[in-house]
Amino acid sequence: MEIRYATNPTDVKQYDTERLRSEFLVESLFVEGEINMVYSHYDRLITGGAVPTGQALKLEDKETLKTEYFLERREIGIINISEGTGKVTVDGESYQLNKRDCLYVGLGNKEVTFESEDNANPAKFYLASATAHKSYPTKKLPIDDATPTNLGSDAESNNRTIYKYIHADGLQSCQLMMGMTLLAPNNMWNTMPPHVHDRRMEAYLYFDMDEDSRVFHFMGQPNETRHMLVKNEQVVLSPPWSIHSGVGTNNYTFIWAMAGENYTFTDMDHVKMEEIK
Numbered sequence: 001m002e003i004r005y006a007t008n009p010t011d012v013k014q015y016d017t018e019r020l021r022s023e024f025l026v027e028s029l030f031v032e033g034e035i036n037m038v039y040s041h042y043d044r045l046i047t048g049g050a051v052p053t054g055q056a057l058k059l060e061d062k063e064t065l066k067t068e069y070f071l072e073r074r075e076i077g078i079i080n081i082s083e084g085t086g087k088v089t090v091d092g093e094s095y096q097l098n099k100r101d102c103l104y105v106g107l108g109n110k111e112v113t114f115e116s117e118d119n120a121n122p123a124k125f126y127l128a129s130a131t132a133h134k135s136y137p138t139k140k141l142p143i144d145d146a147t148p149t150n151l152g153s154d155a156e157s158n159n160r161t162i163y164k165y166i167h168a169d170g171l172q173s174c175q176l177m178m179g180m181t182l183l184a185p186n187n188m189w190n191t192m193p194p195h196v197h198d199r200r201m202e203a204y205l206y207f208d209m210d211e212d213s214r215v216f217h218f219m220g221q222p223n224e225t226r227h228m229l230v231k232n233e234q235v236v237l238s239p240p241w242s243i244h245s246g247v248g249t250n251n252y253t254f255i256w257a258m259a260g261e262n263y264t265f266t267d268m269d270h271v272k273m274e275e276i277k
């Protein structure tokens, strides 16, 4: 497990490109036959990728968490981002996940494993885990059963569909929120004008991009913005004090995951365009 520490927004003003990327960009989560995870000191969120290509991969990291099992004091959301079908087994009960299906696993489940239906076309499981103090039932929400919310327009280049998986009115959790945004063809912008939510952090996984596509992800305080160039299947860790917006060279999909103090999707502080620099 890689550890990422929290940073001070005043210090971030001095970061060059490489320092910015090393603090906030996760470049290689999805490696065949492995589970890779990053532990962020922003709200203790763990992001990870599991790509099983042989024997089942077990979710564990006792050395980092100092607990008997991974979900002893945590909950986790899991979304398959691959065309390959996969299986997640939670304390002996298995759940099949097709592309864009979501599974929530609550506090107290002792064993979680990942498998692919076809090892030549493996599933890619994206993981987001937050600390938890209450147990909620393990539940699956297929993309076909998720309720879409349509926002934006072609004129603004932000015609998009949002699926809220884990939230107060969806799959119940202790503090983790998780969902997915799909931009329509010929639409490239997300979350502009931007916002911040100082009571929780957010992680963005960009995917469904071809090899040459990129997203310019904008971050930083509204009057001190910075950008990072992001490739397919890379994650940006967004601090609570930072905006999180992006524009792509093509349309793309991203998964957002949040953890922190408040459990209200609309808890955000909007930023006016004239305030952005």
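Going by the UniProt record's numbering, 77 is the number at position 77 of the sequence shown; the sequence numbering is gapless. Heads up, the beta-carbon is just placed ideally off N, CA and C, and yes, glycines get one too.
> If we count the other Cβ atoms within 10 Å of its Cβ and call it buried at 16 or more, is Gly-220 buried or exposed?
Replying inline: buried
> So is Tyr-5 buried or exposed if we call it buried at 16+ other beta carbons inside 10 Å?
Replying inline: exposed
> Based on the DSSP output, what are the partners of Pro-148 in its beta bridges?
Replying inline: Tyr-163
>> Going by C-alpha to C-alpha distance, which of Pro-222, Gly-248, Cys-102 and Val-112 sits closest to Val-12?
In response: Pro-222
> Can you name the start and end residues of the alpha helix (DSSP H) that Val-12 belongs to?
Replying inline: 9–12
>> Among Val-215, Thr-191 and Thr-264, whose alpha-carbon lies nearest the alpha-carbon of Ile-243?
In response: Thr-191
> Which value, in whole angstroms, describes the spacing of the CA atoms of Thr-85 and Lys-272?
Replying inline: 42 Å
> Looking at C-alpha atoms only, which residue of Ala-132, Ala-257, Ser-173 and Ala-184 is the closest neighbour of Ser-153?
Replying inline: Ala-184
> CA-CA distance, Asn-187 and Ile-81?
Replying inline: 20 Å
> Taking one C-beta from the segment 253–264 and one from the segment 191–210 each time, how about it: are there three or more such pairs within less than 8 Å?
Replying inline: yes
> Phe-207 and Asn-232 look like a contact to me (Cβ under 8 Å); what is the Cβ gap, rounded to whole Å?
Replying inline: 6 Å
> At which residue ranges does the segment 207–241 contain complete beta strand (DSSP E) runs of 3 or more residues, listed in the order of the chain?
Replying inline: 215–219, 226–230 and 234–238
>> Along the chain, where does the beta strand (DSSP E) containing Phe-254 start, and where does it finish?
In response: 253–260
> In three-state DSSP terms, what is Arg-44?
Replying inline: coil
> How many angstroms separate the CA atom of Arg-73 from the CA atom of Leu-107?
Replying inline: 6 Å
> Can you tell me whether DSSP reads Lys-62 as helix, strand or coil?
Replying inline: helix
>> Could you pull the DSSP bridge partners for Ser-94 from this structure?
In response: Thr-89
> Who are the near neighbours of Trp-241 in its chain, counting only those whose CB is closer than 8 Å to its CB and skipping five residues on each side?
Replying inline: Pro-9, Val-196, Asp-198 and Gln-221
> Between Glu-111 and the rest of its own chain, which residues show a CB-CB distance below 6 Å, the 5 nearest in sequence each way excluded?
Replying inline: Asp-91
>> Suppose you measure from the CA of Val-230 to the CA of Glu-18; what does that come to, to the nearest Å?
In response: 13 Å
> Skipping 5 residues on each side, what residues in its chain have a beta carbon closer than 6 Å to that of Ile-162?
Replying inline: Thr-149 and Thr-181
> So, helix, strand or coil for Leu-205, using DSSP?
Replying inline: strand
> Beta-carbon separation of Lys-124 and Gly-179 under 8 Å?
Replying inline: no
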